[in-house]
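This note's numbering puts the first residue of the sequence shown at 30, with every later residue one more than the last.
A short write-up of the structure that comes next.
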Amino acid sequence: MKGAENMTVSKNPTSLKLSMDVENGTNSLGAMQTKSTSVGSVRLDAEAAKCLAVTEAIGELMSHAVVNVYVTEKAELDKAE
């Protein structure tokens, strides 16, 4: 975007989601396959350590191991007037 380097922009988070990749067997080559599951409506001020603790607790209830954990932030970008 031409001239964007001089523009003041604010980033306003609107939602957070926790996602977990869970083991889901192997493919025909023997490589691990995963499937994703998620938890939405996470508080915007949630601490990273607490998010990880929640996914670990959920993982203990699952029949397959959690291999990756992600936090996805959705945010609105606004130009300053």
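Glycine included, every Cβ here is placed at the ideal spot set by N, Cα and C.
**Q.** Contacting residues, own chain, Cβ-Cβ under 6 Å from Glu107 (five flanking each side not counted)
**A.** First, the residue type needs correcting, since residue 107 is Asp and not Glu in the sequence shown. Around Asp107, the same chain offers Ser39 as residues with beta carbons nearer than 6 Å, after the five sequence neighbours per side are excluded.
Q | Opening and closing residue of the alpha helix (DSSP H) in which Glu85 lies | A | Going by DSSP, Glu85 is part of the alpha helix (DSSP H) stretching over Ala77 to Leu90.
Q | Residues that DSSP places opposite Ala7 in a beta bridge | A | Past the boundaries of the shown model lies residue 7; the chain is included only from 30 to 110, so the question cannot be answered.
Q: Label Thr55 either buried or exposed according to how many other C-beta atoms from any shown protein chain fall within 10 Å of its C-beta, with 16 as the threshold for buried.
A: It is exposed - the Cβ of Thr55 has fewer than 16 other Cβ atoms within 10 Å.
Q) Of all the options Ser57, Asn41, Ala75 and Gly88, which has the alpha carbon lying nearest to the alpha carbon of Ser65? A) Cα-wise, what sits closest to Ser65 is Gly88.
Q. Can you give the Cα-Cα distance for Cys80 and Val96, rounded to whole angstroms?
A. Rounded to the nearest whole angstrom, the C-alpha separation of Cys80 and Val96 is 15 Å.
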